[in-house]
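These notes are about the structure you will find just below.
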Amino acid sequence: MTQRVELATVMDRLAVDGLVTDYAVAVDDGDWEAYRKLFTPDGRADYRSAGGIEGDAARVSTWLAESMRAFAMRQHLIVNRRVRFGVLERDTGDTAQVQADYVNPMRLAGDGSAAPDFVCGGRYAFGLRRTDDGWRLHEVVVREKWRRMPQESGVPVID
């Protein structure tokens, strides 16, 4: 592998990492226009494992906008990112798969405390494509593995 190829791979990895971060910030900030712009025109998201829906980015962003109103605070922590580059149209590096774990503390709207009262965690599977506008999400699949419910349910959120 030449230095030029290695540098291009590093630059792609940084761009892919930035896209995953932009995704988390858009959801946490409720910036649904920015969320939609992160996707390819045929991009899809699947939140069914977390009790949500699956569909194109526009439909899912509408659902997220409504669902996330219940939470005054959201903060994705996306870690353990594994990036694998693939081939599309005979060119190495036109696609990428990212597997990343997440923890997502949220506070219900109307709750005066600063502590989150709903926390969930799991793993994302991001499918990305290189476009003329840079890297974009083609697919997002959420695989929720666990959640802690509000304290009213009898399950403490923070020990």
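In short: position in the sequence shown from 1, add 41, done, that's our numbering. Where a beta carbon is used, it is the ideal one built from N, C-alpha and C, also for glycine.
Spatial neighbours of residue i in its chain, beta-carbon cut-off 6 angstroms, leaving aside the 5 residues before and after
{"i": "glycine 84", "result": "Ala98, Leu178, His179"}
{"i": "leucine 118", "result": "Val144"}
{"i": "tryptophan 176", "result": "Ala56, Val57, Leu60, Leu169"}
Exposed unless 16 or more other CB atoms sit within 10 angstroms - verdict on residue i
{"i": "alanine 156", "result": "exposed"}
{"i": "aspartate 53", "result": "buried"}
{"i": "leucine 55", "result": "exposed"}
{"i": "valine 181", "result": "buried"}
{"i": "leucine 48", "result": "exposed"}
Reduced DSSP category for residue i - H, G, I as helix; E, B as strand; rest coil
{"i": "tyrosine 143", "result": "strand"}
{"i": "glycine 168", "result": "strand"}
{"i": "methionine 114", "result": "strand"}
{"i": "alanine 137", "result": "strand"}
{"i": "glycine 59", "result": "helix"}
Extent of the continuous beta strand (DSSP E) run through residue i
{"i": "arginine 89", "result": "Segment: none, arginine 89 is in no beta strand (DSSP E) and carries neither H nor E."}
{"i": "leucine 105", "result": "Element bounds for leucine 105: not the beta strand (DSSP E) but the alpha helix (DSSP H), 98 to 108."}
{"i": "glycine 175", "result": "175 to 189"}
Own chain partners of residue i with C-beta closer than 8 angstroms, once the 5 adjacent residues on each side are dropped
{"i": "aspartate 63", "result": "Ala75, Leu79"}
{"i": "leucine 184", "result": "Rather than leucine, the amino acid found at residue 184 in this sequence is arginine. Closer than 8 angstroms at the Cβ level, and outside the excluded window around arginine 184, lie Ser90, Gly163, Arg164, Tyr165, Ala166."}
First through last residue of the alpha helix (DSSP H) which encompasses residue i
{"i": "alanine 75", "result": "73 to 78"}
Residues near residue i in its chain [Cβ-Cβ closer than 7 angstroms; skip 5 each side]
{"i": "alanine 65", "result": "His117, Ile119"}
{"i": "tryptophan 104", "result": "Gly93, Ile94"}
> Can you find at least 3 beta carbon pairs, one from the region 134 to 150 and one from the region 162 to 179, that sit closer than 8 angstroms?
Replying inline: These segments touch.
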